Structure formats: C-alpha cells, structure tokens
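Terminal number for the sequence shown in the numbering used here: 176, no gaps in between.
Read the structure below first, then the notes.
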Amino acid sequence: MRNNLTNITTLIIDVDGTLTDGRIVITGQGTEIKYFHAKDGWGIKQTLKQGINIVICSGRKSKATEYRCIELGISEIYTGIENKLEWIKDYIRKTGLNMFNLGYIGDDLSDLEAMKLCGWSVAVNDAVDEVKQQADLVTSAKGGWGAVREALDYLLQKRKN
C-alpha cells in the first residue's frame, strides 16, 4: 500500500541538490568539494540504527560523496547512474523488495520517474515543481540544509505512531 510508512525498509536518497545544496566546487587541481549538512548526517545515522537501509543513488560519480557516505555508515552507494528509473527497477529485482518497501528523497527531473515507482516519496523544498507535485511530502528545508533530516525524522515519527 502506497504511503504506508511502516512498510518502508529502504530509503533511496539522491545527492546533488538533496543531500547537498547542489553546489559543486572544483579546485584548480581538480579536487571536488561538496557541502553536506551535519544534521542530515546525524539523521542518517539514527535511521540506520532503527534498521532502515539507506541507499545513495546519484547521477554523478564523486569521491566526496563516497567518502561522506562511508563515514556515515552507508554501505550501498551508487554513483554515475544515468537512468534512475531503470536502476531502481534493477535494484528491486536484485533485492527482492517491492515498491512499497522503498522510499525516495529527490529534487530534480532525474529523480521523478524513480520517485513515482516508490511507496513513499519526498521532495526537498527547492525541488523543481514537477517533483514537488509528485511527492508525498515536501520538506520545509532546502536540499543540503537539513531537508534529509526533516524527512527522516518524519518517517521515524510516523513509524512510531
């Protein structure tokens, strides 16, 4: 059943514009810098402790993303994903999960079709309009500014009730 948050066992999170504010700084030496919010990191750790799997699905390959996710204890990190809808269909086949077990947090058109396939979807406050319209929840925080934490807190609270 869509929107039954007790069914959510895995939460898929986009990175650029969702877990970060979308800015990407590249130094003259080619080093990439991204901004991650500590509140989101704490929320991810608490969610993992509650037994909910966190999966990262990003369109960009990024050492900064991989480093931060490993630091947070996320073991499933998928970067360089060009078609998130096909990726999520493949993920469902490989894991044996169904759409009602999956939640998705995203911000842009590259997330839209994958969000539609999941049992619960969240858009960050500064997501594009089409993504906001599809979402079951729109956060008050912008991507990279605690939006993921807000969504995770909501999920954990609703699962308690």
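Using N, Cα and C, we set each Cβ at its ideal position, and we do this for glycine too.
A quick note: this is a predicted structure, and the numbers were derived from the prediction, not measured.
Asked	Found
Counted within 10 angstroms of its Cβ, other Cβ atoms place L34 as buried (16 or more) or exposed	buried
Coil, strand or helix - T42 by DSSP	coil
Inter-stretch contact (C-beta, 8 Å, three-pair minimum) for the region 149 to 158 and the region 124 to 140	yes
Buried versus exposed, by CB contacts within 10 Å (16 or more), E89	It should be noted that the sequence gives Ile, not Glu, for residue 89. Classification of I89: buried, given that the 10 Å Cβ count is 16 or more.
The region 105 to 121 in contact with the region 20 to 30 per 3-pair CB rule at 8 Å	yes
Residue range of the beta strand (DSSP E) that includes T25	25 to 28
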